[in-house]
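*Asks:* Structure provided below as structure tokens; questions to follow.
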Amino acid sequence: METIRKKIAIIGSGNIGVALAKGLVKAGLFTPADVTLTRRTPANLSALAEAGYQTSSDNRAAVEQADIVVLAVLPQQLNKVLDEVAGAIDAERHLLISVISGVSCYDIRQQVGAAVRVVRAMPNTAISIGHSMTCVASAQASEEDMALVEAMFNTVGVSIRINEELMTSATALCACGIAFFLRSIRAASQGGTEIGFHAHDALKMAAQTAKGAADLLLQLASHPEQEIDKVTSPKGCTIAGLNEMEHNGFSSAMIKGIKLSAEKAGQLYTQY
Ligand SMILES: NC(=O)c1ccc[n+]([C@@H]2O[C@H](COP(=O)([O-])OP(=O)(O)OC[C@H]3O[C@@H](n4cnc5c(N)ncnc54)[C@H](OP(=O)(O)O)[C@@H]3O)[C@@H](O)[C@H]2O)c1
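Going by my numbering, the sequence shown opens with residue 27, and the numbers climb by one from there.
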């Protein structure tokens, strides 16, 4: 992909911010010199500074030098950051991208100016290996802005455009969802250990089986029940195990958990 001739500042360069920066550079969208990474302790970014990224603790200066500003601090750290940078934001020049859970584009525009273009993106931690599911939304960014943000997050996985009102739901399904699927794999591996496998083999077997199941859906564009029908023979062992799990609330537990996470995700920012 062609290099974007813009400068980008990532305000809050922790897990998500650094993973995004690396993905953008790896995909050739930006050079390290065009990326400024900030955090309060920039010494923790020394390896990236050596790799050619600009690193700093000065958020305002980073914004002044940038065209695209990614906000990637924790929700409770956002107000302080916006106080610092609001005066440096130019609605004509800057595009703001927030990955912060529970904070709306409107919340941010209230603090930096109603005319500022803000896009919200919700990645997950698989961003660190380039396999994030990222949902993007904005009420007032241009088509060009949205295409740019999608292209950026496509360098670290797959992106999908949604209505902003569904962002908290996207947080539950995709960002929290990583933990739900990881716990499912862990549970399967514990079952595997109980039926005879060493823990490390059981975990590898469960993880690769989960990956295969996901790939069946993604690569064949098929439906889970279609694939389940292929492995459930009459009076067989798969349907026996599956029905036992359902009698114990397997699908119901997942659905209820996702609903509760979505409720909580909607309250993350308003608590501060
Ligand atoms: N993790 C996920 O699954 C996930 C998924 C989607 C979205 N998100 C959202 O992404 C955001 C970042 O999450 P994360 O997991 O990357 O968190 P994180 O690793 O804690 O990163 C936050 C970074 O912000 C820096 N920071 C704090 N205050 C700052 C300030 N005043 N100026 C500049 N930098 C500052 C921190 O570094 P210092 O302490 O050195 O300042 C830290 O490196 C959160 O809002 C979260 O809701 C997370």
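C-beta: ideal position from N, C-alpha, C; glycine also.
Is I94 near L121, with beta carbons less than 7 angstroms apart?
*Replies:* Here residue 94 refers to the residue found at position 68 of the sequence shown. Here residue 121 refers to the residue found at position 95 of the sequence shown. Result yes, Cβ atoms of I94 and L121 sit closer than 7 angstroms.
*Asks:* Determine the DSSP secondary structure at G43, reduced to helix, strand or coil.
*Replies:* Here residue 43 refers to the residue found at position 17 when the sequence shown is read from its first residue. Looking at G43 - three-state DSSP - the assignment turns out to be helix.
*Asks:* Is the CB-CB distance between G54 and A98 below 7 angstroms?
*Replies:* As a position in the sequence shown, residue 54 is number 28, starting the count at 1. As a position in the sequence shown, residue 98 is number 72, starting the count at 1. Against a cut-off of 7 angstroms, the Cβ pair of A98 and G54 comes out as no contact.
*Asks:* Do E191 and S185 have their C-beta atoms closer together than 7 angstroms?
*Replies:* Position 165 of the sequence shown, counted from the start, is the residue given in the question as residue 191. Position 159 of the sequence shown, counted from the start, is the residue given in the question as residue 185. Against a cut-off of 7 angstroms, the Cβ pair of S185 and E191 comes out as no contact.
*Asks:* One question on the structure: do A201 and I188 come within less than 7 angstroms of each other, judged by their Cβ atoms?
*Replies:* For the purposes of this step, residue 201 is taken as the residue at position 175 of the sequence shown. For the purposes of this step, residue 188 is taken as the residue at position 162 of the sequence shown. Contact: no.
*Asks:* Taking the alpha-carbon positions, what's the C209 to A232 distance?
*Replies:* Residue 209 sits at position 183 when you count from the first residue of the sequence shown. Residue 232 sits at position 206 when you count from the first residue of the sequence shown. A quick correction: the sequence has Arg, not Cys, at residue 209. Going from the Cα of R209 to the Cα of A232 covers about 11 angstroms.
*Asks:* What does a CB cutoff of less than 7 angstroms around R135 pick up in its chain, not counting 5 residues either side in sequence?
*Replies:* What you label residue 135 is simply residue 109 of the sequence shown in a count that begins at 1. So the list reads V142 and V144, once near-sequence residues are dropped.
*Asks:* Quick check on DSSP: helix, strand or coil for L83?
*Replies:* The residue given as residue 83 occupies position 57 in the sequence shown. Checking the sequence, you will find Ser at residue 83 rather than Leu. Correct three-state label for S83: coil.
*Asks:* Unbroken alpha helix (DSSP H) runs of length 4 or more, entirely within the region 222 to 270: which are they?
*Replies:* Runs found: 225 to 246 and 250 to 257.
*Asks:* Looking at G38 and ligand 1, is the gap between the Cβ and the nearest heavy atom below 6 angstroms?
*Replies:* Residue 38 sits at position 12 when you count from the first residue of the sequence shown. Flag set: Cβ of G38 near ligand 1.
*Asks:* If you measure from the CB of Q293, is any heavy atom of ligand 1 nearer than 6 angstroms?
*Replies:* One-based indexing of the sequence shown puts residue 293 at position 267. Because no heavy atom of ligand 1 lies under 6 angstroms away, the Cβ of Q293 does not count as near it: no.
*Asks:* Would N105 count as contacting chain C if we go by Cβ distances under 7 angstroms?
*Replies:* Any reference to chain C falls outside this structure, which holds one protein chain only.
*Asks:* Using a Cβ-Cβ cut-off of 7 angstroms (strictly less than) and excluding sequence neighbours within five positions of T151, which residues of its own chain qualify?
*Replies:* Taking the sequence shown and counting its residues from 1, one reaches residue 151 at position 125. Cβ neighbours of T151 beyond the five flanking positions: N41 and I204.
*Asks:* Determine whether the beta carbon atoms of L244 and G128 lie at a separation below 7 angstroms.
*Replies:* Residue mapping note: residue 244 aligns to position 218 of the sequence shown, counting from 1. Residue mapping note: residue 128 aligns to position 102 of the sequence shown, counting from 1. Contact: no.
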